[in-house]
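The working numbering applies: residue 386 is where the sequence shown begins, and numbers increase by one.
Where is the CB? At the ideal position from N, CA and C, for every residue including glycine.
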Amino acid sequence: MGAEGKRYLQDHSIPQLFEGLMTGLIYNKPENPLDFLEAAIARIRSDPDLDVKWDTFIDTENGPVQTDNNFRKFFVGLF
């Protein structure tokens, strides 16, 4: 990926978006992943100022979240 592509991804916070969506999927394990993703994207669209982070889409009602640095490093390495 060239510098222009990386700049585009960073300017639009795409790595953070994907990290948040994937973390939410893995942690919550929804029966219907597409419905989960659609709801998460609808949440972002309804709140343009939402600062999407790795734990934005985690349901914390099930207890505290354990950070997996290897998982986070995987996403950072992609972008």
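With the rule of 3 Cβ pairs closer than 8 Å, the stretch 386–395 does not count as touching the stretch 414–423. Look at M386 here: in three-state DSSP terms it is coil, with no helix or strand label. Its Cα nearest to that of Q401, the residue D440 stands out among D440, K414 and D434. Sequence-distant Cβ neighbours of P415 in its own chain, meaning closer than 7 Å and more than five residues away, are F421. Nearest to F403 by C-alpha distance, out of N417, I429, G387 and M386, is I429. Boundaries for S398: no alpha helix (DSSP H) harbours it, and the DSSP string shows neither H nor E there. Short of 6 Å from the beta carbon of F442, and not among the five residues preceding or following it, lie these beta carbons of its own chain, in chain order: G405, G409 and A425. Between N413 and D436, the C-beta spacing is not below 7 Å.
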